[in-house]
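2 protein chains.
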Amino acid sequence: MNFISKDFEKLVEELSSLPGVGIKSAGRLAFHIINEPIEKSEALANAIKNAAKNVKHCKICNMITDDEVCSICKNEIRNKKIIMVVENDRDLIAYEKVGKYKGLYHVLGGAISPLLGIGPNELKIKELLKRLTQDVEEVILATNSSIEGEATATYLAKIIKPLNIKVSRIASGVPVGGDIENIDEVTLFRAYEGRVEI
Amino acid sequence: MNFISKDFEKLVEELSSLPGVGIKSAGRLAFHIINEPIEKSEALANAIKNAAKNVKHCKICNMITDDEVCSICKNEIRNKKIIMVVENDRDLIAYEKVGKYKGLYHVLGGAISPLLGIGPNELKIKELLKRLTQDVEEVILATNSSIEGEATATYLAKIIKPLNIKVSRIASGVPVGGDIENIDEVTLFRAYEGRVEI
Chain G
41 MNFISKDFEK LVEELSSLPG VGIKSAGRLA FHIINEPIEK SEALANAIKN
91 AAKNVKHCKI CNMITDDEVC SICKNEIRNK KIIMVVENDR DLIAYEKVGK
141 YKGLYHVLGG AISPLLGIGP NELKIKELLK RLTQDVEEVI LATNSSIEGE
191 ATATYLAKII KPLNIKVSRI ASGVPVGGDI ENIDEVTLFR AYEGRVEI
Chain W
41 MNFISKDFEK LVEELSSLPG VGIKSAGRLA FHIINEPIEK SEALANAIKN
91 AAKNVKHCKI CNMITDDEVC SICKNEIRNK KIIMVVENDR DLIAYEKVGK
141 YKGLYHVLGG AISPLLGIGP NELKIKELLK RLTQDVEEVI LATNSSIEGE
191 ATATYLAKII KPLNIKVSRI ASGVPVGGDI ENIDEVTLFR AYEGRVEI
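Which chain is which? The protein sequence lines are G and W, in order.
Numbering (our numbering) for the first sequence: 41 to 238.
Numbering (our numbering) for the second sequence: 41 to 238.
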């Protein structure tokens with residue numbers, strides 16, 4: 041392809057470095073951006089700059105926030121004796137959308153994955169252990185039920201249990217509305233193992 | 041969901057206004073952007089601003105360019121007597137990638153679509169007709185073979201033919217590598233109608 045426009049090609053290059061954006065989608069997005077009114081693209085560029093500059097991580101739970109401490113950790117009504125450990129901010133948001141959990145969170149920033157070179161030191165585990173020196177009654181391990189999430193939960197349970205704090209793991213089983221016939225064997229086995237008396 | 045971060049939510053909102061980016065992908069992209077080194081997000085934001093500000097449309101063919109006239113129209117080696125009419129910049133790039141066509145282009149900026157309220161006046165047709173007052177021997181209609189693209193080609197053929205300029209339409213038929221059994225009937229009929237002696 042001949043040289044078309046330096047600034048256009050730079051934009052395509054930057055967009056295609058975003059996760060899930062291939063070179064074709066990047067081109068499509070770039071055309072959209074240059075054909076929009078300039079105020080729209082300015083707004084997008086400014087939103088990127090402002091978010092990158094201003095969004096912090098809560099110094100208690102590591103969740104994104106505009107302040108030093110996030111609105112959940114600051115909330116006086118929430119139960120400070122329960123901490124739910126999640127892999128990332130999106131998982132926290134998913135639980136908050138449910139709206140039933142009234143304790144605090146701790147965002148690890150990932151899960152243990154030897155393949156990706158992520159060990160306990162790459163995650164906010166030291167920060168979690170520091171929080172546990174205060175009056176905490178229960179730690180809920182809400183990492184994903186993937187291999188990495190399970191390994192992380194097992195690791196955390198092993199180091200938290202000796203502190204005489206109750207450690208629980210979110211239930212694994214058949215999703216609500218799920219068709220038994222379409223569910224994988226590991227999940228079905230978990231659902232069977234985790235059966236509760238009614 | 042509780043209020044998380046003003047700047048973060050603004051970023052998600054802006055990203056989700058891009059075509060093909062839903063609220064979930066916008067969230068994923070936003071997390072990626074805020075977790076990157078700040079230089080990366082600055083580079084993306086600047087690329088957006090620069091492209092939106094600097095990328096122009098060639099005053100001859102309407103293709104995007106950094107200058108008044110694009111590198112194709114400026115290229116002395118290209119045959120100025122043949123103009124290939126395409127719907128948009130991406131189609132031009134697709135043809136340039138083939139690298140066989142040595143004439144000029146004209147980017148319409150879309151196709152006639154009464155449903156979307158796009159008539160001939162919304163496209164760069166006046167500009168095309170102006171170019172045809174110069175020494176042009178052939179106009180190749182390379183609009184899509186969709187209903188809109190066909191309608192646009194028919195419309196253009198009708199107004200260009202009386203100017204005593206050869207008008208051609210790109211061939212429609214079985215794509216190279218295509219399995220006959222999987223190809224739609226209209227395409228197969230076109231392939232039959234457009235058969236060439238060997």
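We put the CB at the ideal spot given by N, CA and C, even for glycine.
Using a C-beta to C-beta distance shorter than 7 Å, which residues of chain G count as neighbours of residue i?
i                      : result
residue 65 of chain W  : 60
residue 177 of chain W : Those within 7 Å of residue 177 of chain W in chain G number zero; the least Cβ separation is about 23 Å.
residue 54 of chain W  : 83, 84 and 87
Give the straight-line distance between the Cα atoms of residue i and residue j, rounded to the nearest whole angstrom.
i                      : j                      : result
residue 48 of chain G  : residue 91 of chain W  : 5 Å
residue 107 of chain W : residue 113 of chain W : 11 Å
residue 235 of chain W : residue 188 of chain W : 24 Å
residue 72 of chain G  : residue 172 of chain G : 49 Å
residue 79 of chain G  : residue 52 of chain W  : 17 Å
residue 149 of chain W : residue 219 of chain W : 32 Å
residue 104 of chain W : residue 46 of chain W  : 35 Å
residue 155 of chain G : residue 182 of chain G : 21 Å
residue 190 of chain G : residue 224 of chain W : 48 Å
residue 206 of chain G : residue 54 of chain W  : 42 Å
residue 89 of chain W  : residue 69 of chain G  : 14 Å
residue 179 of chain G : residue 208 of chain G : 6 Å
residue 237 of chain W : residue 216 of chain W : 18 Å
residue 59 of chain G  : residue 159 of chain G : 23 Å
residue 198 of chain W : residue 128 of chain W : 21 Å
residue 204 of chain G : residue 130 of chain G : 29 Å
residue 67 of chain W  : residue 75 of chain W  : 12 Å
residue 102 of chain W : residue 87 of chain G  : 30 Å
residue 44 of chain W  : residue 122 of chain G : 20 Å
residue 200 of chain W : residue 93 of chain W  : 35 Å
residue 210 of chain W : residue 82 of chain G  : 39 Å
residue 166 of chain W : residue 196 of chain W : 11 Å
residue 140 of chain G : residue 213 of chain G : 19 Å
Can you say whether residue i is buried or exposed, counting buried as having 16 or more other CB atoms within 10 angstroms of its CB?
i                      : result
residue 115 of chain G : exposed
residue 221 of chain G : exposed
residue 134 of chain G : exposed
residue 164 of chain G : buried
residue 57 of chain G  : exposed
residue 63 of chain W  : exposed
residue 119 of chain W : exposed
residue 42 of chain G  : Per-residue confidence for residue 42 of chain G stands at a pLDDT of 49, beneath the threshold of 50, marking its modelled position as unreliable; no derived number is given.
residue 226 of chain G : exposed
residue 193 of chain W : buried
residue 29 of chain G  : It is not possible to answer for residue 29 of chain G, since the shown part of chain G is limited to 41 through 238.
residue 85 of chain G  : buried
residue 169 of chain G : exposed
residue 32 of chain W  : Here chain W comprises residues numbered 41 to 238, so residue 32 of chain W is not present and cannot be evaluated.
residue 186 of chain G : exposed
residue 100 of chain G : buried
residue 232 of chain G : exposed
residue 229 of chain G : exposed
residue 147 of chain G : buried
Under 9 Å between beta-carbons, which chain G residues line up against residue i? List them in chain order, please.
i                      : result
residue 224 of chain W : What residue 224 of chain W touches in chain G: nothing, since even the nearest Cβ is about 23 Å away.
List the residues of chain W that residue i touches, going by C-beta distances under 8 Å, in chain order.
i                      : result
residue 105 of chain G : 44 and 45
What does residue i touch in chain W if you count any residue whose Cβ is under 7 Å from its own?
i                      : result
residue 95 of chain G  : 45, 47, 48 and 74
residue 51 of chain G  : 87, 88 and 91
residue 162 of chain G : Going along chain W, no residue has its Cβ under 7 Å from residue 162 of chain G, so there is no contact; the nearest lies around 13 Å.
Starting from residue i and walking both ways along the alpha helix (DSSP H), at which residues does that stretch end?
i                      : result
residue 232 of chain G : 225 to 233
residue 118 of chain W : Unbroken run through residue 118 of chain W: none, as it is neither H nor E.
residue 166 of chain W : 165 to 171
residue 147 of chain W : Looking at the DSSP string, residue 147 of chain W is not in any alpha helix (DSSP H); the run it does join, the beta strand (DSSP E), is 143 to 147.
residue 89 of chain G  : 78 to 94
residue 137 of chain W : 129 to 138
residue 65 of chain W  : 63 to 75
residue 151 of chain G : First-last for residue 151 of chain G: undefined, no H or E at that position.
residue 189 of chain W : 187 to 200
Where does the unbroken beta strand (DSSP E) through residue i begin, and where does it stop?
i                      : result
residue 178 of chain W : 178 to 181
residue 40 of chain W  : Since the first residue shown for chain W is 41 and the last is 238, residue 40 of chain W is missing from the structure and cannot be characterised.
residue 206 of chain G : 206 to 209
How about residue i: is its Cβ closer than 7 Å to a heavy atom in the ligand MG?
i                      : result
residue 180 of chain G : Questions concerning the ligand MG fall outside what the structure shown contains, since it holds no ligand whatsoever.
_Under 7 Å (Cβ pairs) to chain W, residues found in the stretch 126 to 148 of chain G_ = 129, 130, 133, 136 and 137
*Given a limit of 8 Å on CB to CB distance, which residues of the stretch 68 to 89 of chain G reach chain W?*
68, 69, 70, 71, 72, 73, 74, 76, 78, 80, 81, 82, 83, 84, 85, 86, 87, 88 and 89
*chain G contacts made by the stretch 204 to 224 of chain W, where a contact means CB separation under 8 Å*: none
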